[in-house]
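This report concerns only the one structure given below.
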Amino acid sequence: MPPPHGGRLINRVLKGKERDRRLKEALELPKIKLPSEYIKDIENIAHGVFSPLEGPMIQEDYLNVLENMRLSNDLPWTIPIVIDVDEEEIKTVKEGDNITIICLEEEKLIAILHVEEVYDYDKEKHVEKVFGIKDPAHPGVAKTYGMKEKLLGGKIDLIDHSANPYYKYTLWPVETRLLFKERGWRTIVGFQTRNAPHTGHEYVQKTALTFTDGLFINPVIGRKKKGDFKDEVILAAYEELIKHYYLKDRAVLAILRTEMRYAGPREAIFHAIVRKNFGCTHFIVGRDHAGVGNFYPPYAAQEIFDEFPDLGIIPIFFKEFFICKKCGGMANEKTCPHPEEYRVRFSGTVIRKLLQQGKKPPKEIMRPEISEIILKWKNPFVE
Amino acid sequence: MTEEKTKSKNFTSILIPTSLYKKLEEKVKETEFSSVSSLVTHIIREYLAKLEEEKEVFSEEEEEEIKERLRALGYID
């Protein structure tokens, strides 16, 4: 099993008497309220999902990530993890102070942040570096333009967790690492998804599983764009797929509670690092990983891995699969010599349209059990 | 901070034999690397990654606690 990114699994979850003491302290500190999407990432940091980060990035790391796709200690890291605030919210806070983080939706005390830095940032530069474009039609760009004016950097200490409707699917790296060990897996392939599975996904996963010991299916659960599958639909569909079509001792389903950034190539590296922290040795990267619309070339998210010989997790690249009527099964451009007219492609748009009309996609495209599960929802898609 | 200052802060020199440098200078033309420096940086990062060692991330006590949760959630028997 690979060591965590940076060599040490971060644990900033307070427990026992120390937690009680810090909770008392937290009640007296200045407070900032953050939406649940930020809170999930604070929990991820505290539990080591984002190791070696110990809190939102300080300016040196933030700028290094933008410019060099690395932290200031040269470790690969491609997505800024930051907390943005208004000047007004932190007018009484100085660098070196502690502040309490409250979950906005639940009004619940979550963590203490040791504020090392309050700094300005350039949104134009941020979007250009992270997303490669400035077009506000891109959801990540639009979100960045809507961010507040200052960034806070420092270390966090987690006091409590936010509400989690998917508790039974939530495993932290320390748990997945032990689970993989218990199962006797030495090689584990991670699969990132934000979709209910079609047969193309299943084929990719099983192909990777033929030369690894175990498969870690790790859907992203969190804010997504309109038209993506709802979280509960993704989980129910995967439960069904594993029940009918996977060996139970070869697959683990657990979630990653974070938002999609839709940063394409950069996000593929970020996704790989996170799975390394969960204990994966390999990571599947398909066509247009973490992309949106036509903002990124189809295989840019594979090519970027050339720049990271020190990532510590092995990417497995797949060309887009399709069904070839002449080959009589699943194929891709590396394996199929037949022309386009024989090929049936996996179109998310077509699958979505059929499901929205209450129709099952063809069984070659989506397992009937999966279609049935999805069709139990009146609207299985994010509105 | 100017670009030059940032560069000098983020980069440093190392000494390698001139003959080796010349060899690399020739080789680098056949690769996607833009300079000998970027090739050497790539090789060193690759080397350092290989030195990373596997180690347990939990103590024996923690192990039992974690197993308890995994059992409760149905991940292990």
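One line per chain: the protein sequences are G and V, in this order. Under this note's numbering, the first residue of the first sequence carries the number 1, and numbering increases by one thereafter. Under this note's numbering, the first residue of the second sequence carries the number 1, and numbering increases by one thereafter. Using N, Cα and C, we set each Cβ at its ideal position, and we do this for glycine too. Note that the structure is predicted; figures quoted are calculated from it, not measured.
DSSP places Lys91 (chain G) outside both helix and strand once states are collapsed to three, so it counts as coil. Sorting G:Thr176, G:Gly16, G:Thr349, G:Glu303 by C-alpha distance to the C-alpha of Pro265 (chain G) places G:Glu303 at the top. Considered as a whole, the stretch 183-260 of chain G harbours 199-209, 231-245 as its complete alpha helix (DSSP H) runs of no fewer than 4 residues, in chain order. Nearest Cα to Pro4 (chain G) within the set V:Phe58, V:Glu62, V:Arg71: V:Phe58. DSSP lists G:Thr100 as the bridge partner or partners of Lys31 (chain G). The C-beta of Asn73 (chain G) has fewer than 16 other C-beta atoms within 10 Å across all chains shown, which makes the residue exposed. The Cβ atoms of Gly291 (chain G) and Tyr262 (chain G) lie closer than 9 angstroms to each other. At a Cβ-Cβ threshold of 9 angstroms, Ile39 (chain G) and Cys103 (chain G) count as neighbours.
In this structure, Ile58 (chain G) lies away from Glu149 (chain G), with their beta-carbon atoms at least 9 angstroms apart.
When the beta-carbon positions are compared, Phe180 (chain G) and Phe216 (chain G) come within less than 9 angstroms of each other. At a Cβ-Cβ threshold of 9 angstroms, Val220 (chain G) and Gln205 (chain G) do not count as neighbours. One Cα belongs to Leu48 (chain V), the other to Leu109 (chain G), and the distance between them is close to 41 angstroms.
Within the stretch 48-72 of chain G, contact with chain V at the beta-carbon level (separation under 7 angstroms) is assigned to no residue. Scanning the stretch 114-161 of chain G for uninterrupted alpha helix (DSSP H) segments of 4 residues or longer gives 123-131, 139-145, listed from N- to C-terminal end.
Sequence-distant Cβ neighbours of Ala268 (chain G) in its own chain, meaning closer than 6 angstroms and more than five residues away, are Val285, His289, Ala290, Ala301.
For His271 (chain G), the enclosing alpha helix (DSSP H) covers residues 264-278. With respect to chain G, the C-beta atom of Lys27 (chain V) has no partner C-beta closer than 9 angstroms. Chain V places a beta carbon closer than 9 angstroms to that of Leu179 (chain G), counting this residue as a contact. Here Val82 (chain G) carries a coil assignment [DSSP, helix/strand/coil].
Cβ contact annotation for Ile370 (chain G) (same chain, cutoff 7 angstroms, sequence separation greater than five): Ala196, Pro197, Ala237, Glu240, Leu241, in chain order.
Within chain G, no C-beta atom comes nearer than 7 angstroms to that of Phe33 (chain V); the closest sits roughly 10 angstroms away.
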